[in-house]
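>
Residue numbers (the numbering used here): 98 to 575.
Here is the structure:
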């Protein structure tokens, strides 16, 4: 069936919008050729795709403001995009939108070692922030698995965490200020190079807002001194429930590792085949890392290993060198990519109380078996941030829908035991219709009223976060 030609008035409007965008941006910073915009039709949630009207790549806060002013005046929706690593469809376009990518905005604007801050443009990648201060033995703590590629803008939008968030917290605990552009082009400064700001905590509101309130173009971040040393220990168990009980006991004992990471057999085998990290073939693996002075590390690992032995581990091995530690973490950081070699998958990020780990892992296995879809588990066990990877065949009719149904059941389970729908990936399009599982209609109305204040026309990041039916009337969404 041949698609109808666009109406003359639609074409004229598109031409006007492109002309106006070209008047405020230089050279090839405006992309509208369908062959080129295809690169922006989805993010890391590749099951859904939609080519945008156009893509713009501003190079400064002033250019971002100019673009938003044009789009506001023309009534054009805008989808902010960092590096496109969102696993929840947080940067997926709509057909009538302009994708605003900030990948060109990567400068380090200020480093103050005395006050322990760094100010960067928000297109800078997570890992390169630490690289910028490494020569002075400082680092930026949040470390998502995608840290080599993900942008600070996306970290702020989704309040990203990472393996070491158990000790250092997530983005909100390490974010001191932002420069943000509102939909009408107004530039605002929230927070700054100090521990607290006067007035309402608008910075806390923006962190985790998924591009619904404004476009973050600069961020002031807390940097920390590198610890004197760090050492991980590998623990293998013959049952995932046993590993879950071990995690709960470590946390209950009052010891604070810098990280506790979990992998089940599916992930262990896939990762070992890919990264050759030296992982044992067992039902469940924990990576527990502590840091500090050598004596402090010995004391902490002594207590942790004592707790682990109560659960009869099949493997209990402390790292003996920096090279071995690097291999251990290479395996964990490679897990998502390694699983992609097995097949298509959807990665969830529901969060639960640590005490519920054994029960939830058992129920995930039951849900997986009932649906006939394999589920691999790799996650931040110390803070209960689950990452079930539901495997499916994208070329098999009905498999994606079955996968999504399994995901919905797992996320409902997380809420049922006292957790929440998302720990760090965000709601995006993936979980928007599940928001009613966690929030009442009144709760959602309050959240949408906040968006009304910042973005009255509901032009920023449309069709995300809020259930479509609940948000109708603010702005009709496809």
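Just so it is clear, CB atoms sit at the ideal spot from N, CA and C, and this is done for glycine as well.
Run through DSSP, which three-state label would residue 442 get?
strand
> By DSSP, does residue 485 sit in helix, in strand, or in coil?
strand
> At what residue ranges does the region 406-442 contain a whole run of the beta strand (DSSP E), taking only runs of 3 or more?
412-415
> What do you reckon, are the CB atoms on residue 350 and residue 246 nearer than 7 Å?
no
> Rounded to whole angstroms, how far is the Cβ of residue 229 from the Cβ of residue 249, which I believe are closer than 8 Å?
Actually they do not touch by this definition, with Cβ atoms about 12 Å apart.
> Which term fits residue 258, buried or exposed, when burial requires 16 or more other beta carbons within 10 angstroms of its beta carbon?
buried
> For residue 329, which option in 297, 261, 567 has the closest C-alpha, if you only look at C-alpha atoms?
Comparing Cα-Cα distances from residue 329 to each of 297, 261, 567, the minimum goes to 261.
> Report all residues from its chain with a CB closer than 6 Å to the CB of residue 515; omit the five preceding and five following residues, and keep chain order.
450
> Pick out the complete beta strand (DSSP E) segments inside the region 123-160, 3 residues or longer, and give them in chain order.
Listed in chain order, the beta strand (DSSP E) runs fully inside the region 123-160 are 151-153, counting runs of at least 3 residues.
> Could you tell me if residue 283 is buried or exposed, where buried requires 16 or more neighbouring beta carbons within 10 angstroms of its beta carbon?
exposed
> So, under 8 Å CB-CB, residue 197 and residue 176 are touching, yes? Tell me the CB distance rounded to an integer number of Å.
7 Å
> Got a sec? Which residues, its chain only, sit under 8 Å from residue 192 by beta carbon, not counting five neighbours each side?
147, 148, 149, 150, 575
> Let me confirm a value: residue 373 is counted as buried when at least 16 other C-beta atoms fall within 10 Å, else exposed. Which label applies?
Exposed, since its Cβ has fewer than 16 Cβ neighbours within 10 Å.
> Would you say the region 216-223 touches the region 159-173, given that touching needs at least three Cβ pairs under 8 Å?
no
> How should residue 107 be labelled, buried or exposed, when 16 other C-beta atoms within 10 angstroms of its C-beta is the threshold for buried?
Burial call: exposed.
> Mark residue 237 as exposed unless 16 or more other C-beta atoms lie within 10 angstroms of its C-beta, in which case mark it buried.
Buried: at least 16 other Cβ atoms inside 10 Å.
> Helix, strand or coil, according to DSSP, for residue 217 in the structure here?
strand
> In three-state terms, what does DSSP make of residue 398?
Three-state DSSP puts residue 398 in a helix.
> Is the Cβ-Cβ distance between residue 244 and residue 271 less than 7 Å?
no
> Using 8 Å as the Cβ pair cut-off and three pairs as the minimum, do the region 471-480 and the region 362-370 touch?
yes
> Can you find a CB in chain D that lies within less than 7 Å of the CB of residue 350?
The structure shown contains no chain D; it is built from a single protein chain.
> With a threshold of 6 Å on Cβ separation, who are the neighbours of residue 523 within its own chain once the five nearest residues in sequence on each side are excluded?
185, 187, 255, 307
> Between the C-alpha atoms of residue 561 and residue 555, what's the straight-line distance to the nearest angstrom?
11 Å
> Looking only at C-alpha atoms, which of 303, 273, 322, 139 sits nearest to residue 231?
322
> Could you name the residues that DSSP lists as bridge partners for residue 209?
DSSP lists 214 as the beta-bridge partner residues of residue 209.
> Under 8 Å Cβ to Cβ from residue 345, same chain only, skipping five residues before and after it: list those, please.
451, 452, 454, 455
> Just to confirm, are residue 273 and residue 319 a CB contact at a threshold of 7 Å?
yes
> In the DSSP output, which residue or residues are listed as bridge partners for residue 388?
327
> Along the chain, where does the alpha helix (DSSP H) that runs through residue 501 open and close?
496-513
> Measuring only the C-alpha atoms, how far is residue 462 from residue 438?
Straight-line spacing of the CA atoms in residue 462 and residue 438 works out to 22 Å.
> Tell me where the alpha helix (DSSP H) around residue 108 begins and ends.
105-121
> May I ask you to list the residues that DSSP assigns as paired with residue 383?
Looking at the DSSP output, residue 383 bridges to 332, 359.
> At what residues does the alpha helix (DSSP H) containing residue 339 begin and finish?
That run of the alpha helix (DSSP H) goes 337-349.
> Looking at C-alpha atoms only, which residue of 432, 343, 538 is the closest neighbour of residue 484?
432
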